[in-house]
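Residue numbers for the sequence shown follow the working numbering, so the first one is 7 and each next one is one higher.
Even for Gly, the Cβ is constructed at its ideal location relative to N, Cα and C.
So the structure is just underneath, and the comments pick up after that.
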Amino acid sequence: IHLTAALDFEEVSIFDFRVEARDTGTPPLSGHCKVVLEVLDVNDNAPEVWVTSLSVPVPEDAAVGTVVALLSVSDRDSGANGRVRCWVWPASPFGVEARLAGSYSLVLREALDRERVSEYEVEVRAEDGGAPALLGRLGVRVAVSDVNDNAPAFLQAVYTVLARENNAAGAELARLWARDPDEAGNGRVSYSVWEGGVGGGWRPASSYVSFEVRAVDAGEPPLCGNATVQLFVLDENDNAPALLPPAGSLPEAGGVAGEASLSSSSSVSESGSGTLWAWAAWGAPAGQVVAKIRAVDADSGYNAWLRYELWEPRGKGPFRVGLYSGEVSTARALDEADGPRQRLLIVVRDHGEPARSATATLSVSLLEAGEAAPAAAAGSSSSSPSVAGVEVGSGAASAATNVWLVVAICAVSSLFLLAVVLYGASRWAPRAAVLSGPGPTTLVCASEVGSWSYSQRHSRSLCVADGAGKSDLMVFSPNFPPPPPCPAAKDTQPEPSALLDT
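This is the structure we're talking about:
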């Protein structure tokens, strides 16, 4: 028996036929038999895998164990050659679970994150138990759909922004960007300024503003992220120095320098200039403070750092001004050659760029030392404190106050020392024994009933021995009627009282 065609166990596993043998005689005789041919299986068929149901895309928030696809696996071989096992390659968040004979399911084994991997190429492999084993493959593409699980996030939690003042409305101060890895509407971000945070709110007069910027996506539900913006406003030199009014009523002038008196008609113009008056005495020594210019700048830092310059007269004049103190003092001793009046033009500048300035005109009248104080007092009482300010004669007033303070301390100390000496002299000085003789007759009241008696002044010496016992001294005043007037020639006087010693 020879094969005339290839055998296939999967198509026909058993052949059943009859074989007849016939001779060539006459008549021919024959014999026959039945042949049953069984085909043996060999592992010539690899497993086959196909998808019967697929559910894609898979949401990234799908729970572990979610069925992604249903698979069918078959092997036409028999026995061990048709026994199949399946798995997923390469390693992925998916796995294969057997459900029924020849039926498997592709399930989710781990949580998904679309922002990390948005699509998976899964290969399901099936291998039979033949020798050699044959392998079947099936590729499955699993897409991951987005959900709004990421809030917008800024690159920094706190942004520091420096901005110059006087910026026009709508000027760009800084650019902030919040990243949202979600897609479509879940990743579309809108921004707004949120003033409800700690330290929020606009304070126009402040050089520091803190507020929060909120970024909100368009997902459902919407998620938001915040960032704090610390805005520091940089100062610009947009304010000129302004002269200040006097700090208070000016003290009485001393003997050298007079006070400054501000005329009620003087005022500060838009450029910051004003006219001021002061008095000084001839003979004032060098360094004597005559006046003090007070000014302030609304800017900050170097823009508010002021310096004072004597603009007129230039050269070696009798007065000078402190560069940063604003004190106008004598540069040398004043004499009559300086004239009755000196006009000083003082410029106050800041250190900004460009520098801004204000000017003050100070008119100093030179008077005799005796006339300076009354003139200063009269000028002080008639001056208006609301005009741009000068503090004058402070050095002379301070000197006079110090002198009187020293005099008062010396006087009090002298009185105290004198009191101590007198007290010591009266306390420790020896006392001499004085015996008084008879004195003139005195009319005294000697009893409660109002009787009168005459008494004389007597001197008694009472001595008590060391060992004497306790004793009391009692004086009795008997009630006598008023005696008649004493005759002038009578030399003796009655004893006034009886002395009883016990």
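Straight-line Cα distance separating residue j from residue i
| i | j | result |
| --- | --- | --- |
| N49 | A11 | 19 Å |
| V354 | A337 | 19 Å |
| N51 | V148 | 28 Å |
| V199 | A233 | 10 Å |
| P138 | F15 | 18 Å |
| R131 | V222 | 45 Å |
| D241 | V418 | 56 Å |
| L118 | E189 | 15 Å |
| V18 | L46 | 10 Å |
| V195 | G145 | 37 Å |
| A86 | R105 | 20 Å |
| Y165 | V235 | 5 Å |
| F23 | P33 | 26 Å |
| V312 | Y197 | For the record, residue 312 in the displayed sequence is Leu; it is not Val. Cα-Cα distance, rounded: 44 Å. |
| R122 | A97 | 16 Å |
| R1 | L182 | Residue 1 falls outside the range modelled here, since the chain spans only 7 to 508, and no answer is possible. |
| V57 | E103 | 14 Å |
| G430 | L423 | 11 Å |
| A284 | S335 | 11 Å |
| A301 | D356 | 10 Å |
| V167 | S216 | 10 Å |
| L428 | A414 | 21 Å |
| A425 | N408 | 26 Å |
| L13 | V42 | 15 Å |
Exposure of residue i, with buried meaning 16 or more beta-carbon neighbours within 10 Å
| i | result |
| --- | --- |
| A263 | With a pLDDT of 35 at A263, under the threshold of 50, the modelled position of this residue cannot be trusted, and the question is left open. |
| Y110 | buried |
| P99 | buried |
| A184 | buried |
| A27 | exposed |
| S275 | Confidence is the limiting factor: at S275 the pLDDT is only 32, short of 50, which leaves the residue's position unreliable and the question unanswerable from this model. |
| I7 | exposed |
| K298 | buried |
| V79 | buried |
| D152 | buried |
| Y308 | exposed |
| W410 | exposed |
| T30 | exposed |
| A229 | A quick correction: the sequence has Leu, not Ala, at residue 229. By the 10 Å Cβ count, L229 comes out buried. |
Beta bridge counterpart(s) of residue i as assigned by DSSP
| i | result |
| --- | --- |
| N232 | R220 |
| E54 | S80 |
| P65 | S151 |
| A177 | DSSP output for A177 lists no bridge partner at all. |
| Q348 | V370 |
| E333 | K298 |
| G101 | V113 |
| A86 | According to DSSP, which records beta bridges pairwise, A86 is partnered with nothing at all. |
DSSP state of residue i mapped onto helix, strand, coil
| i | result |
| --- | --- |
| F23 | strand |
| F15 | coil |
| R115 | coil |
| R320 | coil |
| W200 | strand |
| A417 | helix |
| E342 | helix |
| Y308 | helix |
| W434 | helix |
| G135 | coil |
| T407 | helix |
| A246 | coil |
| G142 | strand |
| L43 | strand |
| L424 | helix |
| G37 | strand |
| A123 | The sequence shown places Val at residue 123, rather than the Ala named in the question. Coil at V123, not helix or strand. |
| A292 | coil |
| V412 | helix |
| A75 | strand |
C-beta contact flag for residue i and residue j at 9 Å
| i | j | result |
| --- | --- | --- |
| G191 | N156 | no |
| V64 | V94 | no |
| A159 | G225 | no |
| D344 | P360 | no |
| R347 | E318 | no |
| V6 | E333 | The displayed coordinates of the chain run from 7 to 508. Any statement about residue 6 would go beyond what the structure contains. |
| D244 | N173 | no |
| V74 | V113 | yes |
| A310 | D303 | yes |
| P247 | R320 | no |
| L351 | A286 | no |
| L179 | L237 | yes |
| V70 | E116 | yes |
| G37 | D83 | no |
C-beta neighbour in chain C for residue i, strict 9 Å
| i | result |
| --- | --- |
| L140 | Given the protein chain composition of this structure (a single chain), no chain C is represented. |
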